[in-house]
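Read in order, the letters of the sequence shown are residues 1489 to 1647 in the working numbering.
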Amino acid sequence: MRRQAGLTQTQMAKRAGTSQPTIAAYEGGTKSPTLSTLQNLAASLGLELTVIFTPAMTREDRRSLAYHRAVAEVLRRDPDSARKLARRNLKTMTSIHVGPEALFKSWSEWLSRPLEELILRMLDPSQEGRDLRQVSPFAGLLSSKERIKVINQFRKDER
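Here it is in structure tokens:
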């Protein structure tokens, strides 16, 4: 959300009344904010915090999310090429598969959104986000080396 707002970690920290290292720790997952801190962070961006409870992710859901985090990094490095590949894949998928048309339509819409909105949606932990990841148009975006790195890290994290 900070990136989507176009803020640096330092700017976000100033708005939220905290420090840049704290923001970096939250983003890096080495520190967990309290609920009240999350409310302050959201408010500093002009947002309201909403907590939603969802069913626990399956192993398949967690693995798919891990892959899509890596896809998000590639998207940030080369958004034009990544979107081009996804649109081409989506066109092929739409012509071959009957059933997930609504999900394909959602992907089509999201691929046209600003980069950080697309990434937030792609990494959404909700059931809808999980369903979208199951028909991801980003096949072929990660190299073999990148995929192996993701799966090795996923296996390590699962232990």
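Every residue, glycine too, gets a C-beta built ideally from N, C-alpha and C.
What you are looking at is a predicted structure, and each value in this text was computed from that prediction instead of being measured.
Asked                                                                                                                                                                               : Found
For M1500, does the three-state DSSP call read helix, strand or coil?                                                                                                               : helix
Would you report the Cα separation of S1594 and L1526, rounded to the nearest angstrom?                                                                                             : 28 Å
Any chance the segment 1614-1625 sits against the segment 1582-1599, with 3 or more Cβ pairs inside 8 Å?                                                                            : yes
Taking just the CA atoms, how far does I1584 sit from L1608?                                                                                                                        : 27 Å
Using three-state DSSP, classify G1628 as helix, strand or coil.                                                                                                                    : coil
Under a Cβ-count criterion, where at least 16 other Cβ atoms within 10 Å of its own Cβ denotes burial, should S1552 be classed as buried or exposed?                                : buried
Closer than 7 Å by C-beta to Q1508: which residues in its own chain qualify, once you throw out the five before and the five after it? Chain order, please.                         : Q1497, T1498 and A1501
Could you name the residues of the same chain whose beta carbon sits closer than 6 Å to that of I1540, not counting the 5 residues immediately before and after it, in chain order? : none
Closer than 6 Å by C-beta to R1503: which residues in its own chain qualify, once you throw out the five before and the five after it? Chain order, please.                         : S1532
Relative to the alpha-carbon of V1562, which residue among D1645, F1642, E1634 and E1548 has its alpha-carbon at the smallest distance?                                             : E1634
Assuming contact is defined by CB atoms lying nearer than 8 Å, are V1638 and A1544 in contact in what I supplied?                                                                   : no
Roughly how many angstroms separate the alpha carbons of E1646 and L1630, rounded to a whole number?                                                                                : 21 Å
Whole angstroms are fine: how far does the CA of A1513 sit from the CA of N1528?                                                                                                    : 16 Å
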